[in-house]
Structure formats: structure tokens, C-alpha cells
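Peer 1: Under this note's numbering, the residue at position 116 of the sequence shown is numbered 482, and the numbers go up by one with no gaps.
Built from N, CA and C at the ideal position, the CB exists for glycine as well.
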Amino acid sequence: MQLKKEIKSGTIGTPHIVKITSRDPAPPPVEFLKSSGGLFLDMIIHDFDMARFLLEDEPISVYSEADVLVDPAIGKLGDVDTAVSTLKFKKGTIVVIDDSRKATYGYDQRIEVFGSKGMVSTKNQREHSVITHTATGSQMIPFKDFFMERYHQSYINEIREFIKICQGKKGQVVSVQDAYRATKIALAAMKSAKGKKRVEIK
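Written out as C-alpha cells, the structure is:
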């Protein structure tokens, strides 16, 4: 929300490039993957939704490259575990999203928005920011383990917004159209990855 506020304030000018990184600490169980809808509909769909939310704009095309680089078992299900997607939005912004089912160093969630007057970004979160320096090197604690820890406050904020709306107060409204658009983008990205070509989104 703060990132969006910075963008809307005009501090960084017109957004030119958005980079979103989403890498899980480990792949989910194979049983889950069998009915998950795959990398694009289970995981990357949230990043497509995030790009729309931040830019308040719609993509007109997507090009995705994807492969099985983490676990062959995922490939046997007809799915992929690593992907990079490039989207072109109506107002001209280019969005690059990279996703992986496994980052050995922890849950990696970052966003960078580069504009005509500057840049805003979010970094990974840790329980604390203490750095220990010794003769053998420098050390920090790992990133927060997974989405339940990383987005704990976000879930609280969502519930508060939902209650506000139920009470008739003004809040951050999310409609079925948002879910529909994110799904449409994810399906276009899947088509792009399979066909290895740019796909227009209408």
C-alpha cells in the first residue's frame, strides 16, 4: 500500500519499468501441485494482480519463458517451476516478473518501480536488522520463512478493510473483475510460455 501511495503521489514521475521478484523457499508438495493450476495460475497470478494494482492500468501483451529447473517431479505433472514474464501496459510501462518455486536463501519477495523522476522499491523482511561481523565474515538472520510470516500485517489490514466495507465505510474495494483480469493474464502467459511467442491480452 505504501509503495502504491508513493507511485500515486508522483514522486517518481511516470512509471517506466516495474520489476517484481517472487521466489518461494521450497516447492509445495506434489499432491498440492496436482490440483494447484500450475505455476502461472497458482503463484504468478498474484504478481500479475500486483502489477495491475500498483499501476492502475491493464496489460496489452505478455511474453513468458518457463522451464523445469528445480524439481523434475513438477515437470512430470506437466507444470513448470521457473518463469520470467514481460508485460507491456496500455500507458507504456514495461513490467518484468521472475518467479521460482525454490530460493535456497529463503522467501524472496521484492518490487522495484522505476520512473521518469526516480525509483521506489520494497525489500525482503527479516525478524530484525542486526548484522554480526566477525573474523569469518558478516552474517544476518534469514528472510521471513514464508507468506504467512511475510504478509502477517497485510492479512490483518485486509480483514480491517473488509470489516470497514461491511460497515458501509469507504475502503479498498476488490471486485470480481480484478480476479477475472488476473486470471486472464495468467492464461495468456501460459499460452505464451507454451507457444514461445508474445500473446496479446484483450
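1) Does I463 come out as helix, strand or coil in the three-state DSSP assignment?
2) Reducing DSSP to helix, strand and coil, say where M506 ends up.
3) For a test of the three-state rule: what should DSSP assign to V565, helix, strand or coil?
4) Where DSSP assigns a beta bridge to Y429, which residues make up the other side?
5) Let me know the secondary structure DSSP gives P393 once reduced to three states.
6) Taking the C-alpha atoms as reference points, what is the distance between K530 and E524?
7) Would you call the segment 421 to 438 in contact with the segment 458 to 471, where contact means no fewer than 3 C-beta pairs closer than 8 angstroms?
8) For N490, which option in A501, F513 and H499 has the closest C-alpha, if you only look at C-alpha atoms?
9) Which class does Q475 belong to by DSSP, given the choice of helix, strand or coil?
Peer 2: In brief:
1) strand
2) coil
3) strand
4) T452
5) coil
6) 10 angstroms
7) yes
8) F513
9) strand
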